[in-house]
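J.: Numbering (my numbering), first residue to last: 53 to 160.
Think of the CB as a built atom: it goes at the ideal place given N, C-alpha and C, for glycine as much as any other residue.
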């Protein structure tokens, strides 16, 4: 599912306040949504579901995890390049040593 680019981002504190209005203060879903300024209850329902499943972590922004995975992928790609270069150098040196040893043995 593609996230809308114009979707409003809400802070963790805002989400938590909305969820707690519903779960702890006895507000109805519609009243809690209205109290915090949400135009409908769909978003609040999603937050409540995530809060019940994951606690506070379910209400935190997920984007940093994506950035972390992109950073990790970039680091792995850089490491792969470095290891390939090292392998190429080792193959080159191995061939030189092997050739040198072969040449020494041939002269004897």
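1. Report, in whole angstroms, the separation of the C-beta atoms of residue 93 and residue 111, which I expect to be a contact under 8 Å.
2. Which residues mark the beginning and the end of the alpha helix (DSSP H) in which residue 86 is found?
3. Under DSSP, the alpha helix (DSSP H) around residue 97 begins and ends at which residues?
4. Excluding the five sequence neighbours on either side, which residues of its own chain have a C-beta within less than 7 Å of the C-beta of residue 54, listed in chain order?
5. For residue 74, count neighbouring Cβ atoms within 10 angstroms of its own Cβ and tell me buried if that reaches 16, exposed if not.
6. In this structure, does DSSP put residue 130 in helix, strand or coil?
T.: Let me spell this out:
1. Sequence index remark: in the chain shown, residue 93 carries index 41 (1-based). Sequence index remark: in the chain shown, residue 111 carries index 59 (1-based). Not really, about 16 Å apart at Cβ, beyond 8 Å.
2. Your numbering for residue 86 matches position 34 in the chain shown. Unbroken alpha helix (DSSP H) run through residue 86: 81-88.
3. The count along the chain shown starts at 1 and reaches residue 97 at position 45. Per DSSP, residue 97 belongs to the alpha helix (DSSP H) from 94-106.
4. Numbered from 1 along the chain shown, position 2 holds the residue referred to as residue 54. Summary for residue 54: the model assigns pLDDT 45, below 50, so the residue's position carries little reliability; its value from the coordinates is reported in the next sentence. Cβ neighbours of residue 54 beyond the five flanking positions: none.
5. One-based indexing of the chain shown puts residue 74 at position 22. With 16 or more other Cβ atoms within 10 Å, it is buried.
6. Looking up residue 130 in the chain shown gives position 78. Three-state DSSP puts residue 130 in a helix.
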